[in-house]
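In the working numbering, the protein residues as written are 576 to 1030.
Beta carbons: idealized from backbone N, C-alpha and C, even for Gly.
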């Protein structure tokens, strides 16, 4: 949005749905965006890096400006960096996040991610730091977590415990990979959202990579996914109404209107929203008048499995290495950006019922690819969608005249065919090679070929 659009008062409700309609793009303008997070630890004692510690995240952000990164500040602190359409930001516990550029191909996404990991490696050597890209902090408890000096996180930190018991763990101890893709019309958005929501549990199973917490196995393969289930039922989780007849931009806007707001921002200053919903805000419950910037902010503070902005965010994968970040992008691009693949994916899920999808979703965090819900078997679906995506990427390569992106699927093809997730490999190493010492996971990270515990 332009600055004028952000500050324009909202009058008819239809404006809220039109916000999403403005995301419609012709297929030749569809891009691929990825976001991924990693943890930083002090090498001397494996404590998570704080912002003001020595070494500290603040000093790292200052140092990175020497490489052309431009700072974004809040109250005198650097809270983000920007360069060439990409940004580095800080999650509440200091998770280091790269939000990549919007690229045309997975090849470019892979190259950008690889360069970023190399840059982080150099920083780690300079500052005496280890980095770890995994779905959940394997070592430290919530009481040991640092908190970043971002004002929005102070509001969220106070609010989270009111709605779930693991919200603060989500904020500080989880790390994820996210893929952002475009849609061409409301009809295209609906089909993509339905496929993304239905298949999200299987994708979570494929990328399960968080079997440790507090220094020991936690009984889950994706503990990150479990944590999200006890964060905030108002704004997180599975969205069954996506499958209702008549779902579209207006229905998604209605869903958002009934979710409590965290805060209201004016001129960089945060004000409490006093738990009012956006619908109540629209009705005049607050002394401030709602403007479109408030809506844009509210849209970004809701965290379902699949989130609609002016693009679609797939949010269900545990943090991992360069190769798995590219695999996730290739998987979703192959499923959603090729018409035949999208048609086949819609056919695959057509007869799935909500109860079975929810059962599968509930079992995946513990069981991974062995999970079942009704007649939906995660392992079987994983093999199907990797085939569908691979064929879609082949057709896409011919259409665009590019090298086939299907090669990026190889790490997840191996997982799907073996049925063994990254988490299960890590548990094997924990018992057979690490003498049940999780610190060896962190200390061995720089020696691993792909910059992370992936197979």
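{"query": "Cβ neighbour criterion (16 or more within 10 Å) applied to residue 930", "result": "exposed"}
{"query": "According to DSSP, residues forming a beta bridge with residue 755", "result": "608, 888"}
{"query": "Cβ neighbour criterion (16 or more within 10 Å) applied to residue 716", "result": "exposed"}
{"query": "Residue closest to residue 635, alpha-carbon to alpha-carbon, out of 1017, 615, 649", "result": "615"}
{"query": "Residues that DSSP places opposite residue 617 in a beta bridge", "result": "704"}
{"query": "Counterpart residues of residue 631 in DSSP-defined beta bridges", "result": "Note: residue 631 sits in no beta bridge, so no partner."}
{"query": "Residue nearest to residue 599 in terms of C-alpha spacing, selected from 910, 928, 625, 824", "result": "824"}
{"query": "Integer-rounded CB distance, given that residue 609 should sit under 8 angstroms from residue 752", "result": "7 angstroms"}
{"query": "Unbroken alpha helix (DSSP H) run spanning residue 767, endpoints", "result": "761-781"}
{"query": "Beta carbon of residue 892 nearer than 7 angstroms to that of residue 782", "result": "yes"}
{"query": "The region 654-672 touching the region 864-881, judged by at least three CB pairs closer than 8 angstroms", "result": "no"}
{"query": "Residue 734 classed as buried or exposed, judged by whether at least 16 other C-beta atoms fall within 10 angstroms", "result": "buried"}
{"query": "Where residue 1026 falls: helix, strand or coil (DSSP)", "result": "Low per-residue confidence applies at residue 1026: pLDDT is 44, beneath 50, and the placement is therefore not dependable enough to give any value."}
{"query": "Contact under 7 angstroms by Cβ, residue 786 with residue 944", "result": "no"}
{"query": "Residue 1011 in three-state terms, based on DSSP", "result": "coil"}
{"query": "Identity of the residues DSSP links to residue 658 by a beta bridge", "result": "661"}
{"query": "Residue 645, enclosing beta strand (DSSP E) - first and last residue", "result": "645-649"}
{"query": "Status (buried if at least 16 other CB within 10 Å, exposed otherwise) for residue 1027", "result": "Interpretation of residue 1027 is limited by its pLDDT of 45, a score under 50 that renders its predicted location unreliable; no figure is taken from the coordinates."}
{"query": "For residue 846, the residue or residues it bridges with in DSSP", "result": "839"}
{"query": "Status (buried if at least 16 other CB within 10 Å, exposed otherwise) for residue 926", "result": "exposed"}
{"query": "Rounded distance between the beta-carbons of residue 597 and residue 885, thought under 8 angstroms", "result": "6 angstroms"}
{"query": "Candidates 723, 627, 680, 649, of which the one nearest residue 672 by Cα", "result": "723"}
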